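Notes for the one structure printed next.
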Amino acid sequence: MSEGLTKSQARNIFFGGSLFFFVVFAALTGHSHYYAVSKSTNAQNLTDAVVRGKRIWEKHACINCHTILGEGAYYAPELGNVFVRYGGKDDPAGAKEAIKAWMTSQPSGIPGRRQMPNFQLTDPELNDLADFLEWVSKINTQGWPPKDSG
Amino acid sequence: MKYQSQKVALAYFACAMILFAAQVTFGLVLGYIYVAPNFLSELLPFNIARMIHTNALVVWLLLGFFGASYYLIPEETERELHSPKLAYIQLVLLMVGASAAVIGYLFRIHEGREFLEQPLWVKLGIVVAALIFLYNVTMTVLQGRKTVITNVLLLGLWGIALFFLFSLYNPANLTVDKMYWWYVVHIWVEGVWELVMASVLAFMMLKLTGVDREVVEKWLYVIVALALFTGLLGTGHHYYWIGTPGYWQWIGSIFSALEILPFFAMVMFTFVMVWKGRREHPNKAALLWALGCSVLAFFGAGVWGFMHTLAPMNYYTHGTQVTAAHGHLAFFGAYVSMNLAIITYAMPYLLGRRPYNQVLNMASFWLMASGMSFMTFTLTFAGVVQTHLQRVLGQGFMDVQDQLSLFYWMRLGSGVVVVLGALLFIYATFVPRREVIETVNPAAAPAE
Ligand code: HEM
Ligand code: HEM
Ligand SMILES: [Fe+2]
Numbered sequence: 001m002s003e004g005l006t007k008s009q010a011r012n013i014f015f016g017g018s019l020f021f022f023v024v025f026a027a028l029t030g031h032s033h034y035y036a037v038s039k040s041t042n043a044q045n046l047t048d049a050v051v052r053g054k055r056i057w058e059k060h061a062c063i064n065c066h067t068i069l070g071e072g073a074y075y076a077p078e079l080g081n082v083f084v085r086y087g088g089k090d091d092p093a094g095a096k097e098a099i100k101a102w103m104t105s106q107p108s109g110i111p112g113r114r115q116m117p118n119f120q121l122t123d124p125e126l127n128d129l130a131d132f133l134e135w136v137s138k139i140n141t142q143g144w145p146p147k148d149s150g
Numbered sequence: 151m152k153y154q155s156q157k158v159a160l161a162y163f164a165c166a167m168i169l170f171a172a173q174v175t176f177g178l179v180l181g182y183i184y185v186a187p188n189f190l191s192e193l194l195p196f197n198i199a200r201m202i203h204t205n206a207l208v209v210w211l212l213l214g215f216f217g218a219s220y221y222l223i224p225e226e227t228e229r230e231l232h233s234p235k236l237a238y239i240q241l242v243l244l245m246v247g248a249s250a251a252v253i254g255y256l257f258r259i260h261e262g263r264e265f266l267e268q269p270l271w272v273k274l275g276i277v278v279a280a281l282i283f284l285y286n287v288t289m290t291v292l293q294g295r296k297t298v299i300t301n302v303l304l305l306g307l308w309g310i311a312l313f314f315l316f317s318l319y320n321p322a323n324l325t326v327d328k329m330y331w332w333y334v335v336h337i338w339v340e341g342v343w344e345l346v347m348a349s350v351l352a353f354m355m356l357k358l359t360g361v362d363r364e365v366v367e368k369w370l371y372v373i374v375a376l377a378l379f380t381g382l383l384g385t386g387h388h389y390y391w392i393g394t395p396g397y398w399q400w401i402g403s404i405f406s407a408l409e410i411l412p413f414f415a416m417v418m419f420t421f422v423m424v425w426k427g428r429r430e431h432p433n434k435a436a437l438l439w440a441l442g443c444s445v446l447a448f449f450g451a452g453v454w455g456f457m458h459t460l461a462p463m464n465y466y467t468h469g470t471q472v473t474a475a476h477g478h479l480a481f482f483g484a485y486v487s488m489n490l491a492i493i494t495y496a497m498p499y500l501l502g503r504r505p506y507n508q509v510l511n512m513a514s515f516w517l518m519a520s521g522m523s524f525m526t527f528t529l530t531f532a533g534v535v536q537t538h539l540q541r542v543l544g545q546g547f548m549d550v551q552d553q554l555s556l557f558y559w560m561r562l563g564s565g566v567v568v569v570l571g572a573l574l575f576i577y578a579t580f581v582p583r584r585e586v587i588e589t590v591n592p593a594a595a596p597a598e
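Chains as they are written, first to last, in the working numbering: chain F, 1 to 150; chain C, 151 to 598.
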């Protein structure tokens, strides 16, 4: 290690620099937090139904098979844009029905095909979940994913 | 072993190895489900098996960190632990929490964010255990000799606990949720865990090579400064596409590209120390793991991380098998290897004997390292093909996956090798036999 640097200098650089970068990082996430709730996520549409939908998403750990906005497991399709994939841009009601129909028709039982469990959701729960997926699909994700295939 | 209380590390290491075995076994189950998807699909669906695989991983790595701390802090501070009893209570708490969580998962009792699936009461138990731990080690350090190694280690451990608190915050807005989720996940593995890793490696270099403490400590500060200067703003590489502002594409790309530096510095550090070293330490297996750790971490975290970290590239690879490839080699190279290194180093002292089963231990290194590397290569190929078919040509996810099955078979094969390596390691470590290698230098507890 360079002879020029003393240990106490190295220590001061470490502590001072880390503090500096942490403060910058915290300030930027503060701004991003504000940006998310005021601009990019249509927070005004974040209804009680959407919130309930998110809790259903969590209750059944969908994230451990699927990705959502590219994060999660890689076993099953991306769901951040599933609403778009099901034609929700032109026909929102049709897309919601398609999502609900999908959920109730699982598992497919087809040999050799990846299986999704049936979570026995009630009709109101299915509606909440579909509302959540609709809301997610409208988040401004800087143009990701590149294709509707997710 | 110079201090009686170091012995608590033994219990921590043993518990860590139980969870390690469980982790890789569930990994094998997951790998098998990938190629035979009807396997256990009702009894143990993929998502449940996956949370056991990842949670067991994180918990055993943390147990290893705690064990390593309890082992090296008495030696560094030159005094007994503040309270060995508290250390055992902490371990019982953690093991009860971990077992309850796993059993709960099997009965679908869990929360729903990746890696943070533990029910609230388990999370709170973890916080209590962390507080007991921090109290115990901080008191020890405050009353003893203060070294750079203990300072950096303590800072890392406090950081682990502080950033874990963000796991308790689960806002309704998915974008905000994700932002703070990364405060735990990214700032752990690319921030405060690196402090733990660097200080444990520094301790091992000091002991294994006999290089001056002054030199080791200067390196340590440089490494951890590089880690935090790049790693904090490097979090931006997860803020590209989740509803956060566009400026993260610049900040995240630049700073996370630089995250390769601390890993490169750790390679330089370990090799330069060994090269300059004045001491022939008899524990060759520990040295192999320590060098292997810095090298594999450099490839897994540094090179494989860099590969997909620039925003224009990540736009295509985000959330594909490329991510899984990187996740595996990064975790294995950095934190699995670092734990196995310190366990390999400490066990002979904890058992009061000279290094044993070294050939078996080194064989387990090569089995695991080559198995994990092969797994990383196959997943990378799978990810590249997936990226092209799905993200460039726009083919459907399930259709693309059908075309990748050859890679998933090869992943399963390499997984079997890793599991054999892991079992061999556990056997070599916990079933000491007669000496295999006659060592030149029998000094059992070398001075500094
Ligand atoms: C010490 C060794 C291992 C480590 C450190 C490790 C680590 C991990 C991590 C961090 C994840 C989450 C990946 C992510 O979110 O990107 C994961 C998932 C997974 N692991 Fe491992 N693992 C290990 C061994 C294995 C083995 C032996 C297998 C068996 C073939 C395996 C199969 C899997 C599978 C199939 C997944 C799920 C990937 C997906 O979501 O599609 N792992 N592992
Ligand atoms: C030892 C240190 C590291 C570990 C253990 C690690 C582990 C992981 C894991 C498990 C994920 C997947 C998270 C998820 O489930 O979504 C991930 C994602 C990622 N990592 Fe790392 N990583 C490390 C270091 C790095 C470094 C140094 C870089 C950059 C140079 C990097 C770049 C990335 C990127 C860009 C992603 C996002 C991938 C995506 O968009 O899907 N990582 N890492
Ligand atoms: Fe990261």
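Even for Gly, the Cβ is constructed at its ideal location relative to N, Cα and C.
These numbers come from a predicted model, not from an experiment.
Environment of residue 593 of chain C [buried if 16+ CB atoms lie within 10 Å]: What you label residue 593 of chain C is simply residue 443 of the second sequence in a count that begins at 1. Only weak support exists for where residue 593 of chain C lies, its pLDDT of 48 falling under 50; the value from the coordinates is given anyway. Per the 10 Å Cβ criterion, exposed.
Alpha-carbon to alpha-carbon, residue 419 of chain C and residue 471 of chain C: Within the second sequence, the letter at position 321 stands for residue 471 of chain C. Within the second sequence, the letter at position 269 stands for residue 419 of chain C. C-alpha separation (whole angstroms): 32 angstroms.
Shell residues, 6 angstroms Cβ cut-off relative to heavy atoms of ligand 3: Cβ-based neighbours of ligand 3 within the cut-off: C/336, C/340, C/387, C/388.
Proximal chain F residues relative to residue 474 of chain C, where beta-carbon distance stays under 7 angstroms: Here the question's residue 474 of chain C lines up with position 324 in the second sequence. Near residue 474 of chain C (Cβ distances below 7 angstroms), the residues of chain F are 74.
Cβ contact (3+ pairs, closer than 8 angstroms) linking the stretch 430-441 of chain C and the stretch 40-56 of chain F: Proximity of the stretch 430-441 of chain C to the stretch 40-56 of chain F falls short of the contact definition, fewer than three beta-carbon pairs being nearer than 8 angstroms.
Minimum C-alpha distance to residue 294 of chain C - residue among C/313, C/251, C/229, C/308: In the second sequence, the residue the question calls residue 294 of chain C occupies position 144. For the options C/313, C/251, C/229, C/308, the alpha carbon positioned closest to that of residue 294 of chain C is the one of C/229.
Counted within 10 angstroms of its Cβ, other Cβ atoms place residue 548 of chain C as buried (16 or more) or exposed: Position 398 of the second sequence, counted from the start, is the residue given in the question as residue 548 of chain C. The residue in question, residue 548 of chain C, is exposed, as its Cβ has fewer than 16 Cβ neighbours within 10 Å.
Interface flag, residue 64 of chain F vs chain C, CB-CB below 8 angstroms: Counted from its first residue, the first sequence places residue 64 of chain F at position 64. By this cut-off, residue 64 of chain F is an interface position.
Alpha-carbon spacing of residue 133 of chain F relative to residue 78 of chain F, whole angstroms: Start at 1 with the first residue of the first sequence, and residue 133 of chain F comes out as number 133. Start at 1 with the first residue of the first sequence, and residue 78 of chain F comes out as number 78. Whole-angstrom Cα-Cα distance: 11 angstroms.
Three-pair Cβ contact test at 8 angstroms for the stretch 311-320 of chain C versus the stretch 330-340 of chain C: Three or more pairs of CB atoms, one per stretch, sit closer than 8 angstroms, so the stretch 311-320 of chain C contacts the stretch 330-340 of chain C.
Residue from C/422, C/475, C/505, C/303 whose Cα sits closest to the Cα of residue 355 of chain C: Along the second sequence, read from residue 1 onward, the residue named residue 355 of chain C stands at position 205. For the residues C/422, C/475, C/505, C/303, the minimum Cα distance to residue 355 of chain C belongs to C/422.
Any 3 or more C-beta pairs closer than 8 angstroms across the stretch 231-243 of chain C and the stretch 169-180 of chain C: Contact between the stretch 231-243 of chain C and the stretch 169-180 of chain C is not established, with fewer than three Cβ pairs separated by less than 8 angstroms.
Beta carbon proximity, residue 574 of chain C to chain F, threshold 8 angstroms: Looking up residue 574 of chain C in the second sequence gives position 424. Chain F, which has no Cβ nearer than 8 angstroms to the Cβ of residue 574 of chain C, makes this no.
Chain C within 8 angstroms of residue 30 of chain F, Cβ atoms only: Working through the first sequence from its first residue, we reach residue 30 of chain F at position 30. Taking CB atoms only, residue 30 of chain F has no neighbour in chain C less than 8 angstroms away.
Interface partners of residue 545 of chain C on chain A, CB under 7 angstroms: Checking the listed chains, one finds no chain A in this structure; the protein chains it contains are F and C.
Within-8 angstroms CB hit, residue 120 of chain F to chain C: To locate residue 120 of chain F, count along the first sequence from 1; it is residue 120. Not one beta carbon of chain C lies nearer than 8 angstroms to the beta carbon of residue 120 of chain F.
Top-ranked residue by Cα proximity to residue 572 of chain C, from C/581, C/530, C/514, C/554: Counting from 1 along the second sequence, the entry for residue 572 of chain C is found at position 422. The candidate whose alpha carbon is nearest that of residue 572 of chain C is C/514.
Proximity of residue 80 of chain F and residue 68 of chain F at Cβ, strictly below 8 angstroms: As a first step, residue 80 of chain F must be located in the first sequence, where it is residue number 80. As a first step, residue 68 of chain F must be located in the first sequence, where it is residue number 68. Yes, the Cβ-Cβ distance between residue 80 of chain F and residue 68 of chain F is below 8 angstroms.
Neighbour-count burial assignment, residue 74 of chain F, 16 or more Cβ in a 10 Å radius: Position 74 of the first sequence, counted from the first residue, corresponds to residue 74 of chain F. Label assigned to residue 74 of chain F: buried.
When C/265, C/177, C/494, C/538 are compared against residue 464 of chain C, the one with the closest alpha-carbon: The sequence position of residue 464 of chain C within the second sequence is 314, counting from 1. Scanning C/265, C/177, C/494, C/538 for the CA closest to the CA of residue 464 of chain C turns up C/538.
Candidates C/335, C/208, C/246, of which the one nearest residue 71 of chain F by Cα: As a working note, residue 71 of chain F is residue 71 in the first sequence. It is C/335.
Distance between residue 407 of chain C and residue 15 of chain F (C-alpha atoms, nearest Å): In the first sequence, counting from the first residue as 1, residue 15 of chain F sits at position 15. In the second sequence, counting from the first residue as 1, residue 407 of chain C sits at position 257. Between the alpha carbons of residue 15 of chain F and residue 407 of chain C lies a distance of about 22 angstroms.
Members of the stretch 402-421 of chain C that neighbour chain F once the beta carbon cut-off is set at 7 angstroms: So the list is empty, because no residue satisfies the distance condition.
CB contact below 8 angstroms: residue 595 of chain C versus chain F: The residue labelled residue 595 of chain C in the question sits at position 445 within the second sequence. Reliability fails at residue 595 of chain C, whose pLDDT of 49 lies under 50, so the model's placement of it is uncertain and no value is given.
Residue range of the unbroken alpha helix (DSSP H) whose run includes residue 165 of chain C: Sequence index remark: in the second sequence, residue 165 of chain C carries index 15 (1-based). Start and end: 158-185.
Interface positions of the stretch 179-194 of chain C facing chain F (Cβ-Cβ less than 9 angstroms), listed along the chain: Cβ contacts with chain F come from 180, 183, 184, 186, 187, 188, 191, 192.
Nearest-angstrom Cβ-Cβ length linking residue 599 of chain C and residue 61 of chain F, presumed shorter than 8 angstroms: No answer is possible for residue 599 of chain C: the residues shown for chain C start at 151 and end at 598.
Spatial distance of residue 489 of chain C from residue 211 of chain C (CA atoms): For the purposes of this step, residue 489 of chain C is taken as residue 339 along the second sequence, with counting starting at 1. For the purposes of this step, residue 211 of chain C is taken as residue 61 along the second sequence, with counting starting at 1. If you take the alpha carbons of residue 489 of chain C and residue 211 of chain C, they lie about 7 angstroms apart.
heavy atom of ligand 1 below 7 angstroms from residue 491 of chain C C-beta: Position 341 of the second sequence holds residue 491 of chain C. No, ligand 1 has no heavy atom inside 7 angstroms of this Cβ.
Same chain, Cβ closer than 6 angstroms to residue 541 of chain C, five either side skipped, listed in chain order: On the second sequence, residue 541 of chain C is found 391 positions in, with the first residue counted as 1. The answer, listed in chain order, is 466.
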